[in-house]
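A.B. asks: Residue numbering for the sequence shown follows this note's numbering, beginning at 2 and increasing consecutively.
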Amino acid sequence: MLPYQQLSQRGQLARLRPIAQDLAVQFGWGGSALRLLNHGYNTTFGLRRDGSRAALRINMNSIRSREQIMGELAWVKALLEAGSVPVARPLPLADGTGYLALHPFSAVGVKDPKAEHLHAVLYDWLPGRTAGHAWGPEPARALGRLTRALHDHARSWIVPAEAEMTVPGDVMIDCPLNPRADTPDFREVLARGNRVVERLRRDQPLIPVHFDLHMWNIKWHKGKMSVFDFDDCRMGWPAWDVAITLFYLRRFPEPEACEAAYWQGLGATLDELGVTCDEMEVLIAARGVFLASEMLSEWTAEAVQIGEPYLDVSRKRVSFYLQTGRFDPNVAVLSR
């Protein structure tokens with residue numbers, strides 16, 4: 002069997018489809034029509050059966066443990082009960098034993114599997130399209146409001162004993178810097194970012210944060226916003242969560258107008274988040290370093306193909322940040 006990492010995208014998906022069908026059976030969705038939604042860090046298939054729809058997320062590159070995924074599910078269910086943030090509902094296994102489906106990692110044929118089993122979760126379908134398809138100041142403002150609502154809920158929610166929310170050790174969330182991304186400029190950004198993380202650790206309590214609130218993880222439908230893909234959620238601080246959103250927001254059309262609208266919706270200032278402008282910028286830049294490094298380690302065919310070009314783009318962005326003090330992703334873009 003050819004190693005999964007050496008397959009084309011088409012080859013990877015051909016290998017994953019029967020696995021997805023087996024996972025769907027575990028949720029009682031056997032015989033569903035499968036449609037690819039995303040093949041990136043993780044792989045998500047849309048399931049359709051008898052007029053019902055759901056989203057099956059297979060954690061391919063993610064190394065989250067069972068307990069960490071249980072933390073994700075617990076927070077999502079708590080948000081559903083509170084009714085303050087529209088989220089997708091986790092769907093249980095057909096046998097009633099939980100919400101997490103397993104499949105032997107060996108069936109994928111990867112070199113050095115990251116765990117014994119692949120993990121998969123199934124969520125019900127949220128209406129509308131992802132917000133990236135119709136991005137502008139209005140959805141940016143709504144994203145600010147949604148982010149504030151998530152933070153407000155998280156401050157009073159307690160992680161259940163049987164679940165886990167990862168506590169970050171450093172600005173790379175404890176992921177090693179890929180040797181190909183080990184440059185003086187990247188090291189400087191990480192050093193600055195770690196100083197911010199350590200100060201926040203001293204000054205603010207940790208709360209659960211989504212940690213990946215970007216335009217493809219939210220839906221915008223008839224003027225209402227919902228959020229999904231809590232796979233990256235962990236303990237953190239509101240300012241860091243905001244920085245990650247700003248990293249993505251600045252790459253989309255009307256970045257200045259959308260960023261202003263986002264802050265209006267968030268209803269908080271940098272002072273209220275407990276960071277300076279310089280600290281916010283370095284957290285945004287550190288996200289760029291993190292992604293450039295992680296892209297070099299991913300298995301997905303597209304990531305393997307664009308890893309080096311994305312690294313080059315990230316170097317230019319970081320260089321601009323170190324010269325100007327502002328992270329602007331538009332100074333270098335990935336050509337397709």
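C-beta atoms are modelled at their ideal positions from N, C-alpha and C, and glycine is treated no differently.
Going by DSSP, name the residue or residues bridged to residue 225.
C.D. replies: Beta-bridge pairing links residue 225 to 222.
A.B. asks: Going along the chain, which residues of its own chain have a beta-carbon closer than 8 Å to the beta-carbon of residue 31, five neighbours each way excluded?
C.D. replies: Closer than 8 Å at Cβ, skipping near neighbours: 22 and 25.
A.B. asks: Considering only C-alpha positions, which residue in the set 237, 197 and 229 is nearest to residue 209?
C.D. replies: Among 237, 197 and 229, the Cα nearest to that of residue 209 is on 237.
A.B. asks: Taking buried to mean at least 16 other C-beta atoms within 10 Å of its own C-beta, is residue 220 buried or exposed?
C.D. replies: Residue 220 should be labelled buried.
A.B. asks: Rounding to the nearest angstrom, what Cα-Cα distance links residue 289 and residue 303 in this structure?
C.D. replies: Approximately 18 Å, taken between the alpha carbons.
A.B. asks: Where does residue 335 land, buried or exposed, given buried means 16+ other C-beta within 10 angstroms?
C.D. replies: So residue 335 ends up on the exposed side.
A.B. asks: Tell me which residues share the same chain as residue 286 and place their Cβ nearer than 7 Å to its Cβ, disregarding the 5 neighbours each side in the sequence.
C.D. replies: Around residue 286: 190, 319, 322 and 328.
A.B. asks: Alpha carbon to alpha carbon, how far is residue 74 from residue 158? Give it in angstroms, no decimals.
C.D. replies: Near 13 Å, if we compare the C-alpha coordinates of residue 74 and residue 158.
A.B. asks: Give the DSSP bridge partners of residue 236, in chain order.
C.D. replies: In DSSP, residue 236 forms a bridge with 209.
A.B. asks: Is any heavy atom of the ligand GTP found at a distance shorter than 6 Å from the C-beta of residue 143?
C.D. replies: The ligand GTP is absent from the structure shown, which contains no ligands of any kind.
A.B. asks: Let me check one thing: in DSSP terms, what residues is residue 37 bridge-paired to?
C.D. replies: Note: residue 37 sits in a beta bridge opposite 46.
A.B. asks: Give me the residue from 28, 252, 253 and 294 with the minimum Cα distance to residue 98.
C.D. replies: Residue 98 has its Cα closest to that of 28, out of 28, 252, 253 and 294.
A.B. asks: With H, G and I counted as helix, E and B as strand and the rest as coil, what does DSSP make of residue 60?
C.D. replies: In the structure shown, residue 60 sits in a strand (DSSP, three-state: E or B).
A.B. asks: Give the secondary structure of residue 96 by DSSP, where H, G and I count as helix, E and B as strand, and everything else as coil.
C.D. replies: If DSSP states are grouped into helix, strand and coil, residue 96 belongs with coil.
A.B. asks: Tell me, to the nearest whole angstrom, how far the beta carbon of residue 71 is from that of residue 163; I am working on the premise that it is less than 8 Å.
C.D. replies: The pair is a contact, with the Cβ atoms about 6 Å apart (cut-off 8 Å).
A.B. asks: According to DSSP, which residues form a beta bridge with residue 131?
C.D. replies: The partner list for residue 131 (beta bridge, DSSP) reads 220.
A.B. asks: Name, in chain order, the residues that DSSP records as bridge partners for residue 104.
C.D. replies: Bridge partners of residue 104: 119.
A.B. asks: I think residue 301 touches residue 60, with their Cβ atoms under 8 Å apart; what is that distance to the nearest whole Å?
C.D. replies: With a Cβ gap of about 12 Å, residue 301 and residue 60 do not count as contacting.
A.B. asks: Taking the beta carbon of residue 177 as the centre, do at least 16 other beta carbons fall within 10 Å, making it buried, or is it exposed?
C.D. replies: With fewer than 16 Cβ atoms within 10 Å of its Cβ, residue 177 is classed as exposed.
A.B. asks: Assign residue 68 to buried or exposed, taking buried as 16 or more other Cβ atoms, counted over all protein chains shown, within 10 Å of its Cβ.
C.D. replies: That one is exposed.
A.B. asks: Which whole-angstrom value describes the C-beta separation of residue 293 and residue 311, a residue pair presumed to lie in contact below a C-beta threshold of 8 Å?
C.D. replies: About 6 Å separates the two Cβ atoms, so the contact holds.
A.B. asks: Between which two residues does the alpha helix (DSSP H) containing residue 66 stretch?
C.D. replies: Here residue 66 belongs to no alpha helix (DSSP H), and DSSP marks it neither H nor E.
A.B. asks: So what's residue 156 in DSSP terms, helix, strand or just coil?
C.D. replies: Residue 156: coil per DSSP, three-state reduction.
A.B. asks: Tell me the DSSP bridge mates of residue 53?
C.D. replies: Paired residue(s): 50.
A.B. asks: Name, in chain order, the residues that DSSP records as bridge partners for residue 125.
C.D. replies: Beta-bridge pairing links residue 125 to 55.
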